[in-house]
Amino acid sequence: MCYSALVYAEIRKLERTLGVRIDPDWYVEEFWTRKGKDAGKRPRMPRAVEREAVALAPASIGAAIAAADQAEIDQLTQLVFAQRKRVADAERSLQARETKKAREDIRIGTGKVEAAMRRLDELRTPPADAGLGRIYPGYWCPVVIRERGRYVARLMRYQCRLPDWTEAIERRYPGTYNARRDKLEHAWGKVFGHGHGVMVASAFYEHVGRGGQDQVLEFRPSDGRDMIAACLWTRTLEADGSELYSFAAITDAPPAEVAAAGHDRCIVPIKAEHLEAWLTPDAGNLAAMYAVLDDRDRPYYEHREAA
185 MCYSALVYAE IRKLERTLGV RIDPDWYVEE FWTRKGKDAG KRPRMPRAVE
235 REAVALAPAS IGAAIAAADQ AEIDQLTQLV FAQRKRVADA ERSLQARETK
285 KAREDIRIGT GKVEAAMRRL DELRTPPADA GLGRIYPGYW CPVVIRERGR
335 YVARLMRYQC RLPDWTEAIE RRYPGTYNAR RDKLEHAWGK VFGHGHGVMV
385 ASAFYEHVGR GGQDQVLEFR PSDGRDMIAA CLWTRTLEAD GSELYSFAAI
435 TDAPPAEVAA AGHDRCIVPI KAEHLEAWLT PDAGNLAAMY AVLDDRDRPY
485 YEHREAA
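Next comes the structure, spelled out in structure tokens:
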């Protein structure tokens, strides 16, 4: 299944790829005023998405993001200091006596420092390509939908909470970031034909087994085209009464070149000519929805080991 994708954040890029005009009155203000201020609860998303929010949103939203940046930088700086001390103490302990605890402290502490330093680099350095960002399950990214006759890009979490689910139920079924085509009327029956969206991606990533080891491969269309990935989305209520927008990418059996690389699933890229039909779903005519998925865009995928 598609566990990660390289998605576009730029609204102008989305418009060019999809051939539509996206309403500029979009997701940024509500999302950041309600979810983005508290660094301790900060939603995970590509840095490019946050950079775009700064560029498009009112100054107050840019200030909220900057404040969240600084709060997270302060937290990470303290974490790095504490974990480096943990590693140093463990190394001194090993000079006196070999212990499993000291070895674990070095391993864990070193890993936490490396992760924190990577995140600090993200926070302090503008992304090399402002429009691109890689998402993972639980990350937020722009998903284009139709609302009241207009195209809107909304920040949605890449893990769909199904209708009537609570957060507790969701934790028991963490795989809802992808929706299998052969399960759309069963497991996804309350969403398929009701909540349709797309995300624009230039690549997707998969775990494959090679030589007894797990590797992550990057798959890209060989002609450099962007993919309009078919998605399902929901809007549910959180325990505090706020709304949660979340989505899943539809996956299906892969083309031959993806299967030959060792993976058995692939995202479903739809044709631009079918965009309006897909984004105006009809639960009473699911055959038309399947027709869009089956008359899909079919790029030839090249793969390489992911960096």
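Residue numbers for the sequence shown follow my numbering, beginning at 185 and rising by one. For every residue, glycine included, the Cβ atom is placed at its ideal position computed from N, Cα and C.
* **Contacts around ILE290, its chain only, beta-carbon distance under 7 Å, and the 5 residues preceding and following it disregarded** => Looking up residue 290 in the sequence shown gives position 106. The residues are VAL271, ALA274 and GLU275.
* Asked: What residues match up with GLY317 in a beta bridge as DSSP calls it?
  -> In the sequence shown, the residue the question calls residue 317 occupies position 133. Note: GLY317 sits in a beta bridge opposite VAL191.
* Asked: Beta carbon of LEU240, beta carbon of SER386: below 8 Å?
  -> Reading the sequence shown from its first residue, position 56 is the one you call residue 240. Reading the sequence shown from its first residue, position 202 is the one you call residue 386. Taking 8 Å as the Cβ cut-off, LEU240 and SER386 do not qualify as a contacting pair.
* To do: Below 7 Å CB to CB, which residues in the same chain sit around ALA223 once its five sequence neighbours on both sides are set aside?
  => Within the sequence shown, the letter at position 39 stands for residue 223. Below a pLDDT of 50, predicted positions are generally treated as unreliable, and ALA223, at 45, falls in that range; the measurement from the model is reported next regardless. Answer for ALA223: ALA252, ALA255, GLU256 and GLN259, listed in chain order.
* GLY150: first and last residue of the uninterrupted alpha helix (DSSP H) it sits in -> There is simply no residue 150 to check, as the chain begins at 185 and stops at 491 in what is shown.
* For HIS447 versus GLU390, is the C-beta spacing smaller than 8 Å? -> Locating residue 447 in the sequence shown gives position 263, counting from the first residue. Locating residue 390 in the sequence shown gives position 206, counting from the first residue. Yes, the pair counts as a contact, with Cβ atoms nearer than the cut-off.
* Asked: At what residues does the beta strand (DSSP E) containing PHE431 begin and finish?
  -> Working through the sequence shown from its first residue, we reach residue 431 at position 247. Counting along the chain, the beta strand (DSSP E) containing PHE431 begins and ends at 427–436.
* Asked: Can you tell me the Cα-Cα spacing of LYS374 and PRO347, whole angstroms?
  -> Walking along the sequence shown from the start, residue 374 turns up at place 190. Walking along the sequence shown from the start, residue 347 turns up at place 163. Answer to the nearest angstrom: the Cα atoms are 7 Å apart.
* Nearest candidate by alpha-carbon position, reference LEU368, set ASP436, ARG231, ASP410 and ARG338 -> The residue given as residue 368 occupies position 184 in the sequence shown. Of the listed residues, the one whose Cα sits closest to LEU368 is ASP436.
* Do you know offhand how far LYS221's Cα is from GLU234's? -> As a working mapping, residue 221 is identified with position 37 in the sequence shown. As a working mapping, residue 234 is identified with position 50 in the sequence shown. Below a pLDDT of 50, predicted positions are generally treated as unreliable, and LYS221, at 47, falls in that range; the measurement from the model is reported next regardless. Their Cα atoms are separated by approximately 12 Å.
* Asked: In the DSSP assignment, what are the bridge partners of THR350?
  -> For the purposes of this step, residue 350 is identified with residue 166 of the sequence shown, where counting begins at 1. Its beta-bridge partners do not exist; DSSP assigns none.
* **Backbone CA spacing between MET185 and ALA443 [nearest angstrom]** => Here the question's residue 185 lines up with position 1 in the sequence shown. Here the question's residue 443 lines up with position 259 in the sequence shown. Confidence at MET185 is low in this model, with a pLDDT of 48, below 50, so the placement of that residue is unreliable and no value is reported for it.
* Is VAL452 near GLY381, with beta carbons less than 8 Å apart? -> In the sequence shown, residue 452 corresponds to position 268, counting from 1. In the sequence shown, residue 381 corresponds to position 197, counting from 1. No. Outside cutoff.
* Asked: Just reading off the alpha helix (DSSP H) that LEU368 is part of, what are its end residues?
  -> The sequence position of residue 368 within the sequence shown is 184, counting from 1. Looking at the DSSP string, LEU368 is not in any alpha helix (DSSP H), and its letter there is neither H nor E.
* With a CB to CB cut of under 6 Å and the five nearest residues on each side skipped, what residues in its chain are close to LEU470? -> Counted from its first residue, the sequence shown places residue 470 at position 286. Cβ neighbours of LEU470 beyond the five flanking positions: GLY377.
* Rounded to a whole number of angstroms, what is the C-alpha to C-alpha distance between THR261 and PRO439? -> Locating residue 261 in the sequence shown gives position 77, counting from the first residue. Locating residue 439 in the sequence shown gives position 255, counting from the first residue. Cα to Cα, THR261 sits roughly 46 Å from PRO439.
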